[in-house]
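Chemist: My structure is below; once you've seen it, I'll send some questions.
Listed below in structure tokens is the structure:
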């Protein structure tokens, strides 16, 4: 996700819901997330029904942090409640922010129960250290308070059971994209884990392959180009 760099015309659904909507994120899937008066509206290609299903399940749990509540969902949109916090992008103290992000991910993994989770993220080999993974643990999806305490998390469309390193690896990689260059060691310290280089490299490679597939899928959506008919990142890499 990136911050919009110029004006974006709101589509009809956005205009119907709010006269003062503000675009806050642009995704690699050609989608835009809009902040309305008291909610968020994600508009564009995506697996919105899958995310709504996961948010509903998370909402049934007693968690020590917030996840968005679903207000409405359709083939091209997801309307959710607002969480009043922000990700620590380009922070004044990059080391402290990276450490806090590690703590946030650990709290998420510790709080969401594997038992009873109906979703699986990646293909499982049988030797994983299983947790319920966020599925897109990059830094902008973690909302922290002014004291860097964990408030909530968003973009949970890929949530599912997998090895904890399937989240840790892309989270560490994304530090450099968000003003926390050189803080790769701070994140695992905040999480409370020693670096497992083999797992880190393996899951980071898998994440980056899937990321490229998602971008390819986005380019295919609506184009009907060659090779697009049966293409899908989830199908290609075994994701549920």
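Residue numbers (UniProt numbering): 1 to 240.
Every residue, glycine too, gets a C-beta built ideally from N, C-alpha and C.
Pick out the complete alpha helix (DSSP H) segments inside the region 71 to 114, 4 residues or longer, and give them in chain order.
Modeler: Whole alpha helix (DSSP H) segments, 4+ residues: 94 to 111.
Chemist: Using the beta-carbon count (16 or more within 10 Å), is residue 155 buried or exposed?
Modeler: Its Cβ being crowded by 16 or more others within 10 Å, residue 155 is buried.
Chemist: Check whether the region 84 to 95 touches the region 38 to 54, counting contact only when three or more Cβ pairs, one atom from each stretch, lie closer than 8 Å.
Modeler: Short answer: they don't touch.
Chemist: So what does DSSP say about residue 152, is it helix, strand or coil?
Modeler: Looking at residue 152 - three-state DSSP - the assignment turns out to be strand.
Chemist: Give every residue of the same chain whose Cβ lies closer than 7 Å to the Cβ of residue 36, excluding the five residues on either side of it in the sequence, and list them in chain order.
Modeler: Contacts found: 17, 18, 21.
Chemist: Rounded to whole angstroms, what's the CA-CA distance from residue 5 to residue 126? Just pull it up for me.
Modeler: Approximately 44 Å between the Cα atoms of the pair.
Chemist: Enumerate in chain order the residues of its own chain whose CB-to-CB distance from residue 43 is below 7 Å, with the five nearest sequence positions on each side excluded.
Modeler: The answer, listed in chain order, is 11, 13, 14, 31, 32, 34, 76, 77.
Chemist: From which residue to which residue does the beta strand (DSSP E) around residue 160 run?
Modeler: Segment 160 to 163, the beta strand (DSSP E) holding residue 160.
Chemist: Tell me whether residue 26 sits in a helix, a strand or coil according to DSSP, three-state version.
Modeler: It is a strand residue.
Chemist: Out of 85, 118, 157, point me to the one whose CA is closest to residue 214's CA.
Modeler: If we check each option's Cα against that of residue 214, 157 comes out closest.
Chemist: Give the straight-line distance between the Cα atoms of residue 91 and residue 179, rounded to the nearest whole angstrom.
Modeler: Whole-angstrom Cα-Cα distance: 7 Å.
Chemist: Residue 162: buried (16+ other C-beta within 10 angstroms of its C-beta) or exposed?
Modeler: Buried: at least 16 other Cβ atoms inside 10 Å.
Chemist: Please check the pair residue 184 and residue 175, which I expect to be a contact at CB under 8 Å, by giving their CB distance rounded to whole angstroms.
Modeler: About 6 Å separates the two Cβ atoms, so the contact holds.
Chemist: Tell me the start and end of each unbroken beta strand (DSSP E) in the region 3 to 74 that is at least 3 residues and wholly inside, in chain order.
Modeler: Entirely contained in the region 3 to 74, the beta strand (DSSP E) runs reaching 3 residues are, in chain order, 22 to 26, 32 to 35, 39 to 43, 70 to 74.
Chemist: Apart from the five residues on each side of it in sequence, which residues of its chain come closer than 7 Å, Cβ to Cβ, to residue 38?
Modeler: The residues are 82.
Chemist: Roughly how many angstroms separate the alpha carbons of residue 80 and residue 65, rounded to a whole number?
Modeler: Each residue's Cα considered, the two are about 16 Å apart.
Chemist: What do you get for residue 113, buried or exposed, if any count of 16 or more other CB atoms within 10 angstroms of its CB means buried?
Modeler: Looking at its Cβ environment, which holds fewer than 16 other Cβ atoms inside 10 Å, residue 113 is exposed.
Chemist: From residue 211 to residue 193, what distance separates their C-alpha atoms?
Modeler: If I take the Cα positions, the gap works out to 25 Å.
Chemist: Closest to residue 108 by C-alpha separation, out of 204, 216, 7, 160, would be which residue?
Modeler: Closest option to residue 108, Cα to Cα, is 160.
Chemist: Taking the beta strand (DSSP E) that residue 142 falls in, what are its first and last residues?
Modeler: Residue 142 -> beta strand (DSSP E) spans 142 to 144.
Chemist: Check the DSSP bridge columns for residue 130 and list the partner residues they point to.
Modeler: Paired residue(s): 163.
Chemist: Using only CA atoms, which one of 3, 164, 57 lies nearest to residue 118?
Modeler: It is 57 whose Cα lies nearest to the Cα of residue 118.
Chemist: Please confirm whether residue 152 and residue 144 have their CB atoms less than 7 Å apart.
Modeler: Not in contact: residue 152 and residue 144 (Cβ atoms no closer than 7 Å).
Chemist: Shortest alpha-carbon distance to residue 172 belongs to which of 147, 208, 148, 150?
Modeler: Checking every option, the nearest Cα to that of residue 172 belongs to 208.
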